Amino acid sequence: MPRTSQPEVGKNVQLPFPISVACWVDLLGYGSQISKGNFNPLHPESAKAISRLRRFHRIVAECSLRRFPTLVMNDGAVAYRDLSYRTRWVTYEFLQDSWKMFNAINVAEKNAGEPGARMVIAAGFRVRGRASGNKDVAIQFKDIVTKYSTGKLTLERALGAASQVRSSFDIIPKLQGNFAFTKAYVAEQGGKSEGFKGPNIYVDLSLFKVPAPEWLHIGKPFKWENQRLNLEATFAQLLSLPHGREVVSTADGPIEGGPEGVRSGIEVARVLAGDDDVLRALRNASKPD
761 MPRTSQPEVG KNVQLPFPIS VACWVDLLGY GSQISKGNFN PLHPESAKAI SRLRRFHRIV
821 AECSLRRFPT LVMNDGAVAY RDLSYRTRWV TYEFLQDSWK MFNAINVAEK NAGEPGARMV
881 IAAGFRVRGR ASGNKDVAIQ FKDIVTKYST GKLTLERALG AASQVRSSFD IIPKLQGNFA
941 FTKAYVAEQG GKSEGFKGPN IYVDLSLFKV PAPEWLHIGK PFKWENQRLN LEATFAQLLS
1001 LPHGREVVST ADGPIEGGPE GVRSGIEVAR VLAGDDDVLR ALRNASKPD
């Protein structure tokens, strides 16, 4: 069994800008479907589109995992995860989870005679965001528990108050300032004219070493750029993805690897920054002035 050298980043180390991966998937032709019904949910054409939307939401929910969280936005959805500084397995696991969701959506779309969905997977840095609205909800619950324990509220009134707790503000921190999400979304919206044709899945090749591993079944790579946002990447259609895992032993103990040719988070960061010494820059950025 192959061995690997000591990881460059120790356990529990937090660098100021995590390296993220995100996939954006979008139902093709949904807008034209709903517009045919004049955006009236009572119209037969709209009913068909709404049924399609609900099926899409159900499948995304079924594919969502703690390690593969998602956010649905009408006829599109994003899944996201921070890559590991220590192992390439997290990168490969996200690819597998994305592939599974993409295929589940498109099998259902095909069976229903619908146009299908397109997915783009991209990598990018992420800026650490502020806390979500869950913190406000937790404060409200704590206040209710305190009032109940001190006798200011009966159990019935405490349960009633708890059932009405709502946050007036919410946010998903890992999607704020997430340049992987930005890249995936903007690229997918470019559609056929920018190389992203039909109900297919496209992957950012910065996630793989060069040359691409032999086991990676992809279409012809193409350079994509958005001059307005100064975004660029090399993508390829992902044709198939083998499943597997490899456990590599190190001085620190076992580390879950993945197929050779996949990059770890720090390796992806070097490509994104165009800097072989990006780890030093990230460490310096975390130091107080």
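For the sequence shown, my numbering gives the first residue as 761, with consecutive numbering after it.
Glycine residues also receive a C-beta, built at the ideal position from the N, C-alpha and C atoms.
For clarity, every value in this text was computed on a predicted model and none was experimentally measured.
According to DSSP, what are the bridge partners of Gln936?
Answer is none; Gln936 lacks a bridge partner.
Cβ distance (whole Å) where Ile881 is taken to contact Val781 below 8 Å
Here Ile881 really is in contact with Val781; their C-beta atoms are around 7 Å apart, less than 8 Å.
Measure the C-alpha to C-alpha separation of Leu1042 and Ser966 and round it to an integer number of angstroms.
19 Å
Assuming the contact rule is C-beta atoms closer than 8 Å, Leu999 and Ile978 should be a hit. Round their C-beta distance to whole Å, please.
6 Å
Among the candidates Leu919, Ile865, Gly950 and Ala972, whose CA atom is the shortest distance from the CA of Lys902?
Leu919
Decide if Val905 is buried, meaning its Cβ has at least 16 other Cβ atoms within 10 Å, or exposed.
A residue is called buried when at least 16 other Cβ atoms come within 10 angstroms of its Cβ; Val905 does not meet this threshold and is exposed.
What whole-angstrom Cβ distance do Arg917 and Glu874 have, given they're in contact under 8 Å?
Between Glu874 and Arg917 the Cβ distance is about 49 Å, and since that is not below 8 Å, they are no contact.
For the candidate residues Cys783, Pro801, Leu775 and Ser806, whose alpha-carbon lies nearest to that of Gly789?
Ser806
Can you tell me which residues form a DSSP beta bridge with Ile899?
Answer by DSSP bridge pairing: none, since Ile899 is not bridged.
For Leu855 versus Ile779, is the C-beta spacing smaller than 8 Å?
no
Count the CB pairs spanning the segment 858-870 and the segment 934-941 that are closer than 8 Å, and state whether there are at least three.
no
Using the C-alpha atoms, what's the distance from Ala993 back to Pro1002?
24 Å
Under 8 Å by Cβ, that's how I've got Phe995 and Gly955 pegged, so tell me the actual separation to the nearest angstrom.
7 Å
DSSP has Asp964 in a bridge; who is on the other side?
According to DSSP, Asp964 bridges with Phe995.
Taking all protein chains shown into account, do 16 or more other C-beta atoms lie within 10 angstroms of the C-beta of Arg886, making it buried, or fewer, making it exposed?
Of the other Cβ atoms in all chains shown, 16 or more fall within 10 Å of the Cβ of Arg886; this residue is therefore buried.
Give the straight-line distance between the Cα atoms of Glu768 and Leu976, rounded to the nearest whole angstrom.
26 Å
Please report the straight-line C-alpha distance between Asn960 and Asp1035, rounded to a whole angstrom.
Asn960 and Asp1035: Cα-Cα distance of roughly 32 Å.
Return yes when the Cβ of Ile1026 is within less than 8 Å of the Cβ of Tyr840, no when it is not.
no
Proximal residues to Gln987 (C-beta, below 7 Å), its chain only, five neighbours per side dropped:
Excluding sequence neighbours, Gln987 sits near nothing in its chain.
Starting from Trp849 and walking both ways along the alpha helix (DSSP H), at which residues does that stretch end?
Here the alpha helix (DSSP H) through Trp849 covers Trp849 to Asn871.
Could you check the C-alpha separation between Pro1019 and Pro804 for me, to the nearest Å?
48 Å
Take the Cβ of Gly1013 as the centre, count every other Cβ of all protein chains shown within 10 Å, and call the residue buried at 16 or more, exposed below.
Interpretation of Gly1013 is limited by its pLDDT of 48, a score under 50 that renders its predicted location unreliable; the figure taken from the coordinates is listed afterwards. Result: exposed.
Report back the beta-carbon spacing between Met861 and Cys823 to the nearest angstrom; my notes put them in contact at under 8 Å.
A Cβ-Cβ distance of about 4 Å is found for the pair Met861 and Cys823, placing them in contact under the 8 Å criterion.
Would a C-beta distance cut-off of 8 Å place Asp786 and Ala883 closer than the cut-off?
no
Buried versus exposed call for Val970 [16 or more other C-beta atoms within 10 Å across all chains shown]
exposed
Just curious, the beta strand (DSSP E) that Ser780 is in, first and last residue?
Ile779 to Leu787
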